[in-house]
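Step one of this worksheet: look at the structure below.
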Amino acid sequence: MSWFSSVEQGPPIEVFALTKQYTEDNFPQKVNLGAGAYRTDEGKPWVLPVVRAAEKALANDETLNKEYLPVLGLDSFSSLSTNMLLGDDSPAIVEKRAFGVQTLSGSGALRVGAEFLAKKLGKTIFYCSTPNYENHKLVFLSAGFQEAKEYRYWDQEKRGLDIEGFLEDISNAPEGSIIILHACAHNPTGCDPTQEHWEQIAQVIKHKKLFPFFDSAYQGFASGDLDKDAWAVRFFVSQGLELFCAQSYSKNFCLYNERTGNLSVVMNNPSEIAAVKSQITLTIRGMYSNPPSHGARIVSYVLSNKELFDQWKGNIKTMSSRIIEMRKRLREELEQFGTPGTWNHITDQIGMFSYTGLNEAQSEHMVKKHHIYMLRSGRICMCGIILSNVEYVARAINETLTS
Ligand code: PLP
Numbered sequence: 001m002s003w004f005s006s007v008e009q010g011p012p013i014e015v016f017a018l019t020k021q022y023t024e025d026n027f028p029q030k031v032n033l034g035a036g037a038y039r040t041d042e043g044k045p046w047v048l049p050v051v052r053a054a055e056k057a058l059a060n061d062e063t064l065n066k067e068y069l070p071v072l073g074l075d076s077f078s079s080l081s082t083n084m085l086l087g088d089d090s091p092a093i094v095e096k097r098a099f100g101v102q103t104l105s106g107s108g109a110l111r112v113g114a115e116f117l118a119k120k121l122g123k124t125i126f127y128c129s130t131p132n133y134e135n136h137k138l139v140f141l142s143a144g145f146q147e148a149k150e151y152r153y154w155d156q157e158k159r160g161l162d163i164e165g166f167l168e169d170i171s172n173a174p175e176g177s178i179i180i181l182h183a184c185a186h187n188p189t190g191c192d193p194t195q196e197h198w199e200q201i202a203q204v205i206k207h208k209k210l211f212p213f214f215d216s217a218y219q220g221f222a223s224g225d226l227d228k229d230a231w232a233v234r235f236f237v238s239q240g241l242e243l244f245c246a247q248s249y250s251k252n253f254c255l256y257n258e259r260t261g262n263l264s265v266v267m268n269n270p271s272e273i274a275a276v277k278s279q280i281t282l283t284i285r286g287m288y289s290n291p292p293s294h295g296a297r298i299v300s301y302v303l304s305n306k307e308l309f310d311q312w313k314g315n316i317k318t319m320s321s322r323i324i325e326m327r328k329r330l331r332e333e334l335e336q337f338g339t340p341g342t343w344n345h346i347t348d349q350i351g352m353f354s355y356t357g358l359n360e361a362q363s364e365h366m367v368k369k370h371h372i373y374m375l376r377s378g379r380i381c382m383c384g385i386i387l388s389n390v391e392y393v394a395r396a397i398n399e400t401l402t403s
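Quick note, the sequence shown lines up with residues 1 to 403 if you use full-length UniProt numbering.
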């Protein structure tokens, strides 16, 4: 007798399956362009120097202990995070109508926010972009949403934003729908709306009574500047919109496995905050009870120390500059090979990812023939490209497109 005989094999999660395949591959020139994780010039994972410094200081602090954190997490961490997102002078902060909740990284913030919206506000429909970050649908549907819809985002022809399609689709969304928006460095396309586009998007959202749920997984990574990368969220707040924003420290602090994130909540009526907080508390209590402390203490330590904060901004610059440099090099190599097509999108796109324009068959060819691991959608993580493999990657793309 088995309790589990009815369980069907689930589909693999592409990005983790690729990493496993890559790890098991013995080919010397293999390249992993799948997972969104930073790599140094030598192709190694990076523990940021500020993280090392904070960890040393925390390890020597004997006042710290292993008691439970509150359900909503470490207060200093969540308020510093919300301030970093909205800006210290944000009207929402000054008027005390914004707060943060520590979560299990960005995914956890999406899940907590989605579960609150589905179970406490009875929301059923959400919209994400086409193409979208592959986990948005799974998270929102698992949280209790009933219908996943998409708005047009990427124009394959012009390899850029389809703003007309985007605006038309959200204009047709039923009132009360949740619209998931990438705060910056859209995953997977690396293509963001301009400020003018954001103004148009905010106007439709306001007019059609939709609820914006931002996903900010790359603050600092798009432009190298924390404030610029929060522009869209801050603009929405300036328009009097209430919103949620899921923040992740996986990428900008390289704290991937510490699961460090924050859900920022911006409301218009401060007197409603206590009730909302109490319901989010119950949501989390029923999910995982309370969050871990290590990552949150590191971030809190760095964000509250001016010197370390400046050093961290330097670390982000190091990462974003290396990626920008690799974009230039990859484009140059492709153009030198005379690879068919135009390659300006490689340098036009921002953040960790590039949407190469390679189709599914071509992307699979890259994996099978060249041992270059990339998603079937043609998305590559620019972090996996380093000086010693950029020519190999360009040569492989060229061979794929000319064979
Ligand atoms: N949202 C987007 C758009 C992402 O790209 C990612 C990670 O790749 C996440 C959320 C969640 O990341 P984490 O749960 O590690 O914070």
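The beta carbon of each residue, even a glycine, is placed where N, CA and C say it ideally should be. Predicted model, so just to flag it, every value in this text is computed and none were measured.
Thr-281 has its alpha-carbon roughly 37 Å from the corresponding atom of Leu-375. Contact annotation: the region 227-244 does not touch the region 150-162, with fewer than three C-beta pairs closer than 8 Å. By the beta-carbon neighbour count (other beta carbons within 10 angstroms, threshold 16), Lys-369 is exposed. Distances taken from the Cβ of Ser-105 to the heavy atoms of ligand 1 include one shorter than 7 Å. The region 86-156 contains, as complete beta strand (DSSP E) runs of 3+ residues, the segments 98-104, 125-130, 147-152 (chain order). Boundaries of the alpha helix (DSSP H) around Val-367: 360-370.
In the three-state reduction of the DSSP assignment, Val-47 falls in the coil class, being assigned neither a helical nor a strand state. Assignment of Arg-376 by DSSP, reduced to helix, strand and coil, places it in the coil class. Taking the C-beta atoms as reference points, Val-71 is found nearer than 8 Å to Ile-284. According to the DSSP assignment, Val-265 belongs to the beta strand (DSSP E) that extends over 260-266. The shortest CA-to-CA distance from Ser-79 to any of Pro-188, Leu-263, Thr-19, Asp-155 is the one to Leu-263.
Remark: the C-beta of Tyr-256 is in contact range of ligand 1, defined as less than 7 Å to any heavy atom. In this structure, Pro-131 keeps its C-beta atom at 8 Å or more from the C-beta atom of Thr-194. Residue pairing by DSSP places Phe-244 opposite Phe-213, Val-265 in a beta bridge.
Asp-169 has its alpha-carbon roughly 28 Å from the corresponding atom of Phe-221. Gln-247 sits close to Gly-106, with the two beta carbons spaced by under 8 Å. In the displayed model, Phe-236 falls within a helix according to three-state DSSP. At the C-beta level, Tyr-38 and Cys-383 come within 8 Å of one another. Taking one beta carbon from each stretch, the region 82-95 and the region 115-124 have fewer than 3 pairs nearer than 8 Å; the two do not touch. The Cβ atoms of Asp-229 and Cys-191 do not sit closer than 8 Å to each other.
In terms of side-chain proximity, the C-beta atom of Asp-192 is found no nearer than 7 Å to any non-hydrogen atom of ligand 1. The beta carbons of Glu-242 and Asn-268 sit about 5 Å from each other, so the pair counts as a contact at 8 Å. The three-state secondary structure of Gly-384, taken from DSSP, is helix. Pairing Trp-343 with Val-390, the inter-Cα distance amounts to about 14 Å.
Judged by their CB atoms, Tyr-373 and Val-31 are nearer to each other than the 8 Å cut-off. With a beta-carbon spacing of about 5 Å, Thr-400 and His-365 fall inside the 8 Å limit used to define contacts.
The alpha-carbon of Asn-359 is positioned some 19 Å away from that of Ser-129.
When the Cα atoms are used, Ala-143 and Tyr-127 turn out to be separated by approximately 14 Å. DSSP, read as helix, strand or coil, puts His-186 in coil. Within the same chain, and ignoring the five residues on either side of Ser-377 in sequence, the residues whose Cβ sits closer than 8 Å to its Cβ are Pro-131, Pro-188, Tyr-355, Glu-360, Ser-363. Only residues of its own chain outside the window of five on either side were considered, and among them Met-267, Pro-270 have a CB closer than 6 Å to the CB of Arg-97, listed in chain order.
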